Structures are given as C-alpha cells and as structure tokens.
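Asks:
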C-alpha cells in the first residue's frame, strides 16, 4: 500500500515540471493574451544578476564549512557527545550524518553512502540515516543563498531556529525508525 | 550570531586541523570551496533564468495572484506582515510546492524570487524580517512528500520503508521550525532593533 503511494507520487512528480513549463505560458497566452516570449525574456534577465550576487555569501559560508569539515573537528565533537548519545538512545553511527546534514549536502550524501555500504540498505542504521537525509536540508547553504541573493547580512534568529529544527528532525528520524521499523 | 558562527567554524577548523595534523587539508578545503562556490553560482544562472522567465509569465497573467489569494488562510498565519495578494505569497507557495514534490531545481529560483519580493517590504535592507526568517526556516526544515532521487537510488528496495518515517520526521522538524521562529522572533535579543544596534557604531563614525 505504502509502496504504491510512494511510487504513485514519484511518477506524478516527473510530469510536473514539463506541465508547468507548458501550462503557465498556455494560460497566459490563451486566456490573458500575454506576450509570453517577450515577458519570459524580461524575467529571465534577472537570472544572471541574482546568481552572481550570491557568490560572496556562498564563498564565505562554504569556505568556513569546508575548513571545519576538513579539520576533523567533527570526530572530536563525536567523542565528546558519545556519552550523552548513549544516554538518550541515539545510535553513535548516525551522529556524523546528523552533524554534517546542516553543513554540507555532498558531505552528508557521502556519509549516507558509507552507512549503506557498511551496514546494508536494509539495516536500521541505514534507514535512520536515509530518513535524516531526506527530512532535512543543508541549513547553512540555504541561508547563504537565500539571504545572500538579497544582501541580507543580519540573519537574526534564522540560525538558531534552523539548527533547532535540524536537531528535532534528526532525533525524530532516530525515534520514528526505532518505533516503526523494528 | 552569524559573525560568531562564521568565525567559530574557521577558528575551530584551524585549531582542530593543527591538533589532528590535518592543517594541509584545511588549507586545501578553503581554496577548493572558494572555487566550488563560484561553480555553484554559475551553474544556477541558467536554471534561475528559466524559472524567473516562467514566473514572470505567471505573474503577468495573474496566476500568482490567484494562487496567493487561494492559500491566504494558511499563509496569513505564517507571514502576518505580508499584505494580502502580495506577489511574495504566490512565490512562497510555489516554492513550498516545488520543495514538497522534491523539485529542488525549481524550488531554489522560486525561493529566491520570493525573497526578492519580501525584500520590497523590508524597511532595513540588510536585516532579515520575521517573514524572511520564517520562510527560510520552513525551507531548511524541508517539507517533502517525495523522497530525494539520490536516496531512492541508494536505498533500493528499502526506500519504501523510509517513506513514512521521512514524511513524519520532516513534518516534525517543520513544526519545530515554525514554533522556534514564532517564539524567538518575540525575544529582545533577536529583535530588529537589537540587530541594528550592532551596526550603529559604524554609522556613528561616519557622522
């Protein structure tokens, strides 16, 4: 049952982009007589400026994240946190992914691949990891891109709120998998 | 906040790099990531142009306004300081729909468009508004009803097992994000005036 829903949703999803690409101009042209080609080009012009505008913000965030990752600081953090994790029933194998997820998309995908290769896709460890990966986003990257594109530098409560949500997501992934998949 | 986190990550990186004997890797990562950032941004240009073009058509034909009006009962609670049928609401709704369906390529341009429109309503252009933080938090907690293609490919037959757990986990983290934003935005230390105060010395120097 669940399989059918999951498959159904993903097979519908692949039609959405082509339908939007045709459907929106069709409505505009047929119903509202919008000059679709001319309007498209006007809108598309901003693509370049926005993409270039985020470069300094991306460089700032990704360089800092890259230095942090490469230094092995995560392993030190892991050692410090292990006693607490055991206390709350959080599997230590899943912690590197939980810590990496807000920092780096490619980094956390690499860790998830390792988990699957090491423990097998049908292991609880891999399922917890995949749930973590699928239920969260790269918080720092999204912040750099979204706020960077409009030049916002004072992010106020965005980071604490984002990291709190990431923590809730990671803990939910662990407990939901333990509850539903064992 | 960002000042300390940014500096902290680099300082810890250098400190831990020396401690772990990985300082070469830290240097290399810094240089590499600077290059990667530009590649990411350049790679965005085409996709951005495509979706911003389509969005402009949707806007001029009034489609965005229709969507914004239809979902107003929900969005007014999340973004109370955005006026009714402001184009930002339309872009926000489209971005969230794209995210839910796992259409990352479409979601980013739509999200940036929404940010630009929220910026029009912002009296302090370099400081985030409540609506901007709310929008960002919902985005980073990733509401998704379709598993990312990469996860499906990795997990194979086990992918259907984690379908429900992923939806529930993302739902919980999104609820946490919304709650955290609503609670934190009322705190003095995260208020707009507190954020602006940090900048005042500079302005005073110029006077």
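Residue numbers (this note's numbering), protein chains in the order written: chain E, 1 to 182; chain U, 1 to 207.
Each residue gets a CB set at the ideal place from its N, CA and C atoms; glycine is no exception.
Bear in mind that the values here come from a model prediction, so they are computed numbers and not experimental data.
1) If residue 29 (chain U) sits next to residue 100 (chain E), beta carbons under 8 Å apart, how far is it from one beta carbon to the other, in whole angstroms?
2) Would residue 80 (chain E) be called buried (16 or more neighbouring beta carbons within 10 Å of its own) or exposed?
3) Residues in the same chain with beta-carbon distance under 6 Å from residue 146 (chain U), minus the five sequence neighbours each way, listed in chain order, please.
4) On a Cα-Cα basis, can you pick out the residue from E:146, E:174 and E:11 that is closest to residue 93 (chain E)?
5) Where does residue 125 (chain E) fall in DSSP's three states?
6) Roughly how many angstroms lie between the CA atoms of residue 210 (chain U) and residue 43 (chain U), to the nearest whole one?
7) For the segment 134-146 of chain E, enumerate the residues whose C-beta is nearer than 9 Å to any C-beta of chain U, in chain order.
8) When the cut-off is 7 Å and only beta carbons count, does residue 149 (chain E) lie next to chain U?
9) Does residue 55 (chain E) get closer than 7 Å to chain U when you measure Cβ to Cβ?
10) Is it the case that the Cβ atoms of residue 165 (chain U) and residue 142 (chain U) are separated by a distance below 7 Å?
11) Any beta-carbon of chain U closer than 7 Å to the one on residue 32 (chain E)?
12) Which word fits residue 201 (chain U), buried or exposed, when buried means at least 16 other C-beta atoms lie within 10 angstroms of its C-beta?
13) Can you list, in chain order, the residues of its chain with a C-beta nearer than 6 Å to that of residue 121 (chain E)? Leave out the 5 residues immediately preceding and following it.
14) Along the chain, where does the alpha helix (DSSP H) that runs through residue 108 (chain E) open and close?
15) Which residues bound the alpha helix (DSSP H) around residue 295 (chain U)?
16) Kindly examine the ligand FMN and report whether one of its heavy atoms sits closer than 6 Å to the Cβ of residue 15 (chain E).
17) Between the segment 163-178 of chain E and the segment 29-49 of chain E, do three or more beta carbon pairs fall short of 8 Å?
18) With the cut-off set at 7 Å, would you say residue 125 (chain E) and residue 115 (chain E) are in Cβ contact?
19) Can you tell me whether residue 109 (chain U) is buried or exposed, with buried defined as 16 or more other CB within 10 angstroms of its CB?
20) So who's on the other strand from residue 154 (chain E), going by DSSP bridges?
21) Around the Cβ of residue 87 (chain E), are there at least 16 other Cβ atoms within 10 angstroms (buried) or fewer (exposed)?
22) Would you say residue 55 (chain U) and residue 146 (chain E) are within 7 Å of each other, going by their C-beta atoms?
23) Just to confirm before moving on: does the CB-CB distance between residue 139 (chain E) and residue 150 (chain U) stay below 7 Å?
24) Answer yes or no: do residue 136 (chain U) and residue 158 (chain E) have a C-beta to C-beta separation smaller than 7 Å?
25) Determine, using beta carbons only, whether residue 136 (chain U) comes closer than 7 Å to chain E.
26) I'd like the list of long-range same chain contacts for residue 181 (chain E), defined as Cβ closer than 6 Å, with 5 residues on each side in sequence excluded.
27) Between residue 101 (chain E) and chain U, is there a C-beta pair that is closer than 7 Å?
28) In this structure, does DSSP put residue 168 (chain U) in helix, strand or coil?
29) For a test of the three-state rule: what should DSSP assign to residue 85 (chain U), helix, strand or coil?
30) Quick one, which residues of the segment 104-123 of chain E are near chain U if we go by CB-CB under 8 Å, in chain order?
31) Tell me the DSSP secondary structure of residue 18 (chain E) in three-state form.
32) If I follow the unbroken alpha helix (DSSP H) through residue 110 (chain U), where does it start and stop?
Replies: To lay it out plainly:
1) The Cβ separation is near 14 Å, so there is no contact.
2) With fewer than 16 Cβ atoms within 10 Å of its Cβ, residue 80 (chain E) is classed as exposed.
3) Scanning its chain for C-beta atoms nearer than 6 Å, with the 5 sequence neighbours on each side dropped, one finds around residue 146 (chain U) the residues 101 and 102, in chain order.
4) When C-alpha distances from residue 93 (chain E) are compared across E:146, E:174 and E:11, the shortest belongs to E:174.
5) Three-state result, residue 125 (chain E): helix.
6) Within the shown structure, residues of chain U are numbered from 1 to 207, placing residue 210 (chain U) beyond reach of any answer.
7) If the cut-off is 9 Å between Cβ atoms, the segment 134-146 of chain E has 134, 135, 136, 137, 138, 139, 140, 141, 142, 143, 144, 145 and 146 near chain U.
8) Using beta-carbon distances, residue 149 (chain E) counts as an interface residue toward chain U, with a partner under 7 Å.
9) Using a Cβ-Cβ cut-off of 7 Å, residue 55 (chain E) counts as an interface residue toward chain U, since at least one Cβ of chain U sits closer than that to its own.
10) No.
11) Yes, residue 32 (chain E) counts as interfacial toward chain U.
12) With a pLDDT of only 44 at residue 201 (chain U), under the threshold of 50, the placement of this residue in the model should not be trusted, and no figure is reported.
13) Excluding residues up to 5 positions away in sequence, nothing lies with its Cβ nearer than 6 Å to the Cβ of residue 121 (chain E) in the same chain.
14) Element bounds for residue 108 (chain E): 105-119.
15) As displayed, chain U neither begins before 1 nor continues past 207, which places residue 295 (chain U) out of reach and without an answer.
16) Among the ligands in the structure shown, none appear at all, so the ligand FMN cannot be discussed.
17) Judged by Cβ distances under 8 Å, the segment 163-178 of chain E makes no contact with the segment 29-49 of chain E, as fewer than three pairs qualify.
18) By the CB criterion at 7 Å, residue 125 (chain E) and residue 115 (chain E) fall inside the cutoff.
19) Using a 10 angstroms sphere on the CB of residue 109 (chain U), the tally of other CB atoms reaches 16 or more, which defines it as buried.
20) Beta-bridge partners assigned by DSSP to residue 154 (chain E): U:127.
21) Exposed is the call here.
22) The answer is no: Cβ separation not under 7 Å.
23) Not closer than 7 Å, so no.
24) Judged by their CB atoms, residue 136 (chain U) and residue 158 (chain E) are nearer to each other than the 7 Å cut-off.
25) With its beta carbon less than 7 Å from one in chain E, residue 136 (chain U) belongs to the interface.
26) Correct list, in chain order: 127.
27) Residue 101 (chain E) does not count as touching chain U.
28) It is helical.
29) Collapsing the DSSP output to three states places residue 85 (chain U) in coil.
30) From the segment 104-123 of chain E, only 109, 112, 113, 116, 121 and 122 have a Cβ closer than 8 Å to chain U.
31) If DSSP states are grouped into helix, strand and coil, residue 18 (chain E) belongs with the helices.
32) Boundaries of the alpha helix (DSSP H) around residue 110 (chain U): 104-120.
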